[in-house]
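Notes to accompany the following structure.
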Amino acid sequence: MQTIVLRGETDWDGWRQVARGLILAGVTPAALAWTVGGEATDVAAESSGFQVPRELVSLAALAIQAREPDRFSLLYKLFWRVNQGEKLLGGDPDPDLAAVRRMALAVRADAHRMRTHMRYLAVPEGGATRFVGWFEPAHFVLAANAQLIVRRFPDLALSIVTPDGAAHWDRSELRFGSGLREAADDAALRAWWDAERETLLREATLDVSVPEAEALDEISRPPDRAPLGPVVLHPKSDPALRDAANEAAVCQRCPLCAPATQTVFGEGPADAAAMFVGEQPGDQEDTIGRPFVGPAGQIMDRAMEEAGLDRRMVYVTNAVKHFKFTQRGKRRIHQTPEVPEIQACKFWLDVERVHLRPRLVVLMGASAARAGLGRGVTISRERGRQMRAPDGQTVFVTVHPSFLLRIPDAAAKAREYQAFVRDLGAIKALIVAEDRV
Ligand code: URA
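Here our numbering is used: position 107 in the sequence shown is 118, and no number is missing along the way.
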């Protein structure tokens, strides 16, 4: 019996190379044992290969991520049989193929869970923020999915920690290192991260061997909605608001809940004087689960800072709490929410407002203005001044920050940005003025 050593639990490239060489050399499945770790077995690379149906290759690339000790030998047996001329697909049910399908299915479900259940801590890192996520996968899905997740957040420093290992993205490289063995709540994760951060980031190594990340990306979401991750709220937020956020996490008031990853509830201190309302979460907000963390959030943060407003002191939310998009290839393209969707989600905006009782509600853009004023609003005509909504709430209309991102002409963009900063300055004056009363 020959023992084959693979480099890691998901060493798809290694497995493929060894399997190709040994099958072509006529080594039977029964003559092999497979293991992981230590010095990897080197089999002379074969220049020729043999044909395997693409569907089988995709299934194998998923199944190799299953936490099943016999997966390497089962896959070898399957590929061996294909090379012997057996037609495995489309014929009678085959127990080996069925077992591999079951593994692939379990890995898919786990990959989906990972992409929808990640919860992130925002950790200060040298004047910026690193988002540290925790997930306990049932299978070895970290490598393939880390790649997909960071591809969606090229500009964020991210670490994804699991018991088996961790992936670290520093905006240019994805590196893999050791994980946190025991289960972690947020406090345990933060303590471990604070204590180990230097070592973890220093010792992580580059690993670009990702089994069929592309194939995984094509996998559609199962129709049933999985339970969602916890909601991040400012520590000062009150328990009632937290309960509301948890209820909103399973909201099905409109069809937008189905394709979105999760509900993105507002966040900020419960005693915030101002509540800023945007339109809906974007691609990054949808995945991270927090409002205004993507490009629109970054320009908003910068303008707030220039206006002397501290984002941490205001509550930030959206008129619609689910990301509305159309899928174009791998990209999710933002779609403006319809009036019925804004109306359905007004329920949650009102819940937030009733709990927070903000002195001022800042409506950024047409969707937020419709939600806050109950009618269509021409932003350029009504922006920049305090108004009273039909329900008595004091509101202030301004542009949506992503409007600034879309202006192609640099001079016009700079002008509009300054106008936004002026509006924010006026908002600050209103909040402060009320503070003195
Ligand atoms: N645009 C919004 O309106 N809200 C967000 O949270 C992000 C982008």
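All residues carry an ideal CB built from backbone N, CA and C; glycine is no exception.
Proximity below 8 Å, CB of residue i to CB of residue j
i, j, result
"L217", "A178", "no"
"G32", "A51", "no"
"V327", "G395", "no"
"V410", "E427", "yes"
"A120", "A77", "no"
"R364", "M311", "no"
"G383", "L374", "yes"
"R201", "L132", "yes"
"M114", "R141", "no"
"W145", "R130", "yes"
"V288", "V372", "yes"
"L185", "P174", "no"
"A155", "A122", "yes"
"L367", "A281", "yes"
"A330", "C356", "yes"
"V275", "P306", "no"
"P40", "K98", "no"
"F334", "E296", "yes"
"V443", "E317", "no"
"F151", "E20", "yes"
"V5", "L85", "Summary: the structure shown does not reach residue 5, with the chain confined to residues 12 through 448, and so no result is reported for it."
"A259", "V325", "no"
"R381", "V388", "yes"
"K439", "G319", "yes"
"I15", "F90", "no"
"W45", "L17", "yes"
"Q263", "G300", "no"
"H345", "G293", "yes"
"A149", "I171", "no"
"R182", "T298", "no"
"L435", "A314", "yes"
"P64", "L100", "yes"
N-terminal and C-terminal residue of the beta strand (DSSP E) that residue i is part of
i, result
"E136", "130 to 136"
"Q13", "13 to 17"
"L374", "371 to 375"
"R399", "397 to 399"
"F287", "285 to 289"
"V407", "Note on residue identity: the sequence assigns Phe, not Val, to residue 407. 405 to 409 is the span of the beta strand (DSSP E), which, as asked, contains F407."
Start and end residues, alpha helix (DSSP H) containing residue i
i, result
"R65", "65 to 74"
"R253", "250 to 259"
"L43", "No alpha helix (DSSP H) contains L43, which is instead part of the beta strand (DSSP E) from 43 to 47."
"V29", "23 to 35"
"G93", "Contrary to the premise, residue 93 reads as Val rather than Gly in this sequence. Counting along the chain, the alpha helix (DSSP H) containing V93 begins and ends at 82 to 94."
"E1", "Summary: the structure shown does not reach residue 1, with the chain confined to residues 12 through 448, and so no result is reported for it."
"F414", "412 to 417"
Which residues neighbour the ligand URA when neighbourhood means a C-beta less than 5 Å away from any of its non-hydrogen atoms? List them by chain order. Those residues that bring their Cβ nearer than 5 Å to a heavy atom of the ligand URA are G289, E290, P292, G293, E296, P302, F303, A307, N329.
Runs of alpha helix (DSSP H) lying entirely within the stretch 295 to 358, each at least 4 residues, in chain order: 306 to 318
Entirely enclosed alpha helix (DSSP H) segments - the stretch 132 to 205, minimum 4 residues: 153 to 163
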